[in-house]
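Okay, structure first, notes after.
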Amino acid sequence: KVPTKQLMAEFHRAYESNSLERKHQMMSSAITLKAVLDAAKDPQIRKQSEGGGISRMDIIDWVINSQKYKKWAEQLLNKLEFKSYQANMTKALMKADFARVGSTGRHVKWKLPDDKSENDNDNDSDQEDEGDNENENSDEEEEKDEDEEDEDEEESADDNEKENDNSDKSDDDNPGDKEQIDDSDSDSDSSN
Numbered sequence: 001k002v003p004t005k006q007l008m009a010e011f012h013r014a015y016e017s018n019s020l021e022r023k024h025q026m027m028s029s030a031i032t033l034k035a036v037l038d039a040a041k042d043p044q045i046r047k048q049s050e051g052g053g054i055s056r057m058d059i060i061d062w063v064i065n066s067q068k069y070k071k072w073a074e075q076l077l078n079k080l081e082f083k084s085y086q087a088n089m090t091k092a093l094m095k096a097d098f099a100r101v102g103s104t105g106r107h108v109k110w111k112l113p114d115d116k117s118e119n120d121n122d123n124d125s126d127q128e129d130e131g132d133n134e135n136e137n138s139d140e141e142e143e144k145d146e147d148e149e150d151e152d153e154e155e156s157a158d159d160n161e162k163e164n165d166n167s168d169k170s171d172d173d174n175p176g177d178k179e180q181i182d183d184s185d186s187d188s189d190s191s192n
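Those letters in the sequence shown? Residues 1 to 192, per the UniProt record's numbering, in order.
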């Protein structure tokens, strides 16, 4: 488990030397997760969330305005599109065990990890322990997870292509229908 300060220091060095690489993206993901967890502990955020949850933007604002994460967030936003930053924040919220309230869209609210009802989570203590282990994932494990997601997406795209191919073949498998239509056309032509 690498301390947040050490991760941010490495990120800052890479940013200043303009040498950000894939490993720095992984560091940034870990920092985002830690920032989200710190935000969940903040009394102001906890108070805001009492009224049915908190928005992702509230968490983003907290991170951007916090003394601990401000410099990192500013540097990250200089390198990332804001939408990408929002997507990374959403992933961190889910990984930190925040619970989505409502459906999708800009009005989604999030319940803090401690605020979820017991019905949502029967094994709170087990999942908290697992969450701690997730923070300790190596870069390789995170890359492996992302590679598996990419493979799943590729497989589903391949499946869709196969389904389309099969639907095309089903028309070709029954050429008799086409011949009958052609025959009926030729019969009507010869009678005229």
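Using N, Cα and C, we set each Cβ at its ideal position, and we do this for glycine too.
DSSP on residue i, reduced to helix/strand/coil?
{"i": "K1", "result": "coil"}
{"i": "V101", "result": "strand"}
{"i": "N137", "result": "Low confidence applies to N137: its pLDDT is 40, below 50, so where it sits in the model is not reliable, and the reading given next is rough at best. In the structure shown, N137 sits in coil (DSSP, three-state: anything other than H, G, I, E or B)."}
{"i": "E10", "result": "helix"}
{"i": "L76", "result": "helix"}
{"i": "D38", "result": "helix"}
{"i": "D21", "result": "Here residue 21 is Glu; the residue named in the question, Asp, does not match the sequence. Looking at E21 - three-state DSSP - the assignment turns out to be coil, as it is neither helix nor strand."}
First and last residue of the alpha helix (DSSP H) that includes residue i?
{"i": "K68", "result": "Element bounds for K68: n/a, residue is neither H nor E."}
{"i": "P43", "result": "P43 to S49"}
{"i": "A87", "result": "F82 to K95"}
With DSSP as the reference, please indicate the residues paired to residue i in a beta bridge.
{"i": "I31", "result": "DSSP output for I31 lists no bridge partner at all."}
{"i": "I54", "result": "W110"}
Would the beta-carbon of residue i fall within 8 Å of that of residue j?
{"i": "L33", "j": "A99", "result": "no"}
{"i": "E10", "j": "M26", "result": "no"}
{"i": "W72", "j": "A39", "result": "no"}
{"i": "L20", "j": "K70", "result": "no"}
{"i": "A35", "j": "H24", "result": "no"}
{"i": "Q75", "j": "H12", "result": "yes"}
{"i": "I31", "j": "T4", "result": "yes"}
{"i": "L37", "j": "A96", "result": "yes"}
Closer than 7 Å to a non-hydrogen atom of the ligand SAH - does that hold for the CB of residue i?
{"i": "I60", "result": "Ligands displayed in this structure: none; no statement on the ligand SAH is therefore possible."}
Evaluate the contact criterion for the stretch 47-60 versus the stretch 97-112: three or more CB pairs, one atom per stretch, below 8 Å. Between the stretch 47-60 and the stretch 97-112, the count of Cβ pairs shorter than 8 Å is three or higher; the stretches touch.
Do the stretch 45-52 and the stretch 78-96 touch if we need at least three Cβ pairs shorter than 8 Å? No, because fewer than three Cβ pairs between the stretch 45-52 and the stretch 78-96 fall closer than 8 Å, the two stretches do not touch.
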